[in-house]
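Enquirer: For what it's worth, full-length UniProt numbering labels the leading residue of the sequence shown as 1, then goes sequentially. Yeah, the Cβ is synthetic: ideal placement off N, Cα and C, and Gly gets one too. The structure's right below; bear with me while I get my questions together.
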Amino acid sequence: MYCFGTVDHGANGVSREFPGTEASVSEALADLRHLLIERGYCEEVCANALIVLGEVLNNIVEHALPEIPDAVISLNVMEAGRRLMLETCDSGRPLPPNLMQAPNQPVISDRIDDMAEGGFGWFIIHSLVEDMVYEREDGQNRLSFSVMSDATV
């Protein structure tokens with residue numbers, strides 16, 4: 001049984017706040033997967049939403065919140081027609097402006113040892129989402145985006 005959400009918006013979505021830790025991110029993603037499946041989303045939409053949110057939330061924990069004890073992340077998930085709209089909010093460091101521009105595909109080498117450790121996350125995010133918007137206001141980061149949906153709801 002999933003326990004996603006501190007606020008349930010009925011058939012239109014849910015909201016959840018959770019600690020800005022790796023363990024809490026993992027739990028939130030697992031809960032969201034159960035919720036999306038329960039609401040009739042196909043496996044592709046579930047996978048895309050979870051891949052993107054995994055990248056976004058882990059980046060928040062690793063880069064925006066590492067020095068903020070008791071940090072909290074807010075996650076809003078709303079259904080609007082064929083779109084699954086997602087929004088994260090945190091009080092961490094600002095997102096570097098260049099990350100909002102669609103990056104080039106990272107160089108892929110024949111040898112795993114020659115490949116860069118990072119650089120794939122934001123490429124993946126930009127490849128799977130639409131309508132990405134970042135705002136920073138009153139010390140809060142707000143990142144919103146949508147994933148196309150084939151939901152039966």
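Hey, quick one: how far does the alpha helix (DSSP H) through alanine 47 stretch, first residue to last?
Expert: Residue 47 sits at position 47 when you count from the first residue of the sequence shown. Where alanine 47 is concerned, the enclosing alpha helix (DSSP H) stretches over 43-59.
Enquirer: Please classify aspartate 138: does DSSP put it in a helix, a strand, or coil?
Expert: Residue mapping note: residue 138 aligns to position 138 of the sequence shown, counting from 1. Reduced to three states, the DSSP call for aspartate 138 is coil.
Enquirer: Out of Gly20, Gly139 and Ser127, point me to the one whose CA is closest to residue 165's CA.
Expert: The requested residue 165 is not part of the displayed model; the chain covers only 1 to 153.
Enquirer: Using the three-state DSSP reduction, which class does serine 91 fall into: helix, strand or coil?
Expert: Position 91 of the sequence shown holds residue 91. Coil at serine 91, not helix or strand.
Enquirer: Using the DSSP secondary-structure output, state which residues sit across from leucine 86 in a beta bridge.
Expert: The sequence position of residue 86 within the sequence shown is 86, counting from 1. Leucine 86 pairs with Val77 and Phe145.
Enquirer: In whole angstroms, what is the alpha-carbon distance linking tryptophan 122 and proline 94?
Expert: As a working mapping, residue 122 is identified with position 122 in the sequence shown. As a working mapping, residue 94 is identified with position 94 in the sequence shown. Roughly 16 Å between the two C-alpha positions.
Enquirer: Which residues in the same chain have their Cβ closer than 8 Å to the Cβ of leucine 29, if we skip the five residues on either side of it in sequence?
Expert: Within the sequence shown, numbered from 1, the residue matching residue 29 stands at position 29. These residues qualify, in order along the chain: Leu50, Leu53, Gly54 and Leu57.
Enquirer: Where does glutamate 130 sit, in a helix, a strand or coil, going by DSSP?
Expert: Counted from its first residue, the sequence shown places residue 130 at position 130. Note: glutamate 130 maps to strand in three-state DSSP.
Enquirer: Use the C-beta contact count for aspartate 31: other C-beta atoms within 10 angstroms, 16 or more gives buried, fewer gives exposed.
Expert: In the sequence shown, the residue the question calls residue 31 occupies position 31. With 16 or more other Cβ atoms within 10 Å, it is buried.
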